[in-house]
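Peer 1: Numbering (my numbering), first residue to last: 39 to 210. Built from N, CA and C at the ideal position, the CB exists for glycine as well. If you scroll down you'll find the structure; I have some questions about it.
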């Protein structure tokens with residue numbers, strides 16, 4: 039498993055030593071993949087002046103705070119969203135597959151090994167919860183394909199009818 043210190047050393051201009059890390063090492067690989075994508079896109083890192091400021095856990099999933107020129111939002115935003123959704127199914131402690139769990143109001147993404155006995159009793163959340171409504175439509179993380187995609191037929195991802203109706207009302 040890669041550690042945050044290794045990733046900082048591999049990408050010092052994108053992930054400086056001063057960047058804060060307030061989450062478990064299990065998500066280091068997700069950040070490493072994000073930085074590889076940014077570094078491999080010709081000119082993107084240099085033109086956008088990209089750099090990570092912090093990586094943290096918030097509401098059970100990873101949030102990355104970064105500085106970059108806002109005109110590159112369309113190029114960088116999908117990469118950040120993919121990293122966020124990957125963290126929702128990756129144990130924050132070890133990087134193994136996990137799922138969102140809740141104890142005493144605290145949400146965390148953990149594998150069974152790093153969960154409390156109470157958390158182990160909690161079933162994985164339905165696949166349709168790995169998405170969010172956007173102005174372009176419902177953006178869903180297809181875990182099997184490891185990609186984000188816009189979904190028109192919400193029933194096809196298992197969303198219950200009452201949730202589809204609720205979303206339709208909020209869009210009006």
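Could you please give me the residues that DSSP links to residue 59 through a beta bridge?
Peer 2: Answer by DSSP bridge pairing, in chain order: 93.
Peer 1: Based on Cα-Cα distance, which residue from 143, 85, 198 and 58 lies nearest to residue 97?
Peer 2: Here the closest residue by C-alpha is 143.
Peer 1: State the beta-bridge partners of residue 100 as determined by DSSP.
Peer 2: Partner(s): 95.
Peer 1: State the CB to CB distance for the pair residue 40 and residue 67, rounded to an integer number of angstroms; the pair is presumed to be in contact (CB under 8 Å).
Peer 2: Yes, residue 40 and residue 67 are in contact; Cβ-Cβ is about 5 Å, under 8 Å.
Peer 1: With a threshold of 8 Å, are at least 3 pairs of Cβ atoms found where one atom belongs to the region 163-183 and the other to the region 104-114?
Peer 2: In short, these stretches do not touch, since the Cβ pair count stays below three.
Peer 1: Count the other CB atoms, across all protein chains shown, that sit within 10 Å of the CB of residue 124; report buried if there are 16 or more and exposed otherwise.
Peer 2: Burial call: buried.
Peer 1: Contact between the region 44-56 and the region 124-142 is defined here as three or more beta-carbon pairs at a separation below 8 Å; is this criterion met?
Peer 2: Because the criterion of three Cβ pairs below 8 Å is not met, the region 44-56 and the region 124-142 do not touch.
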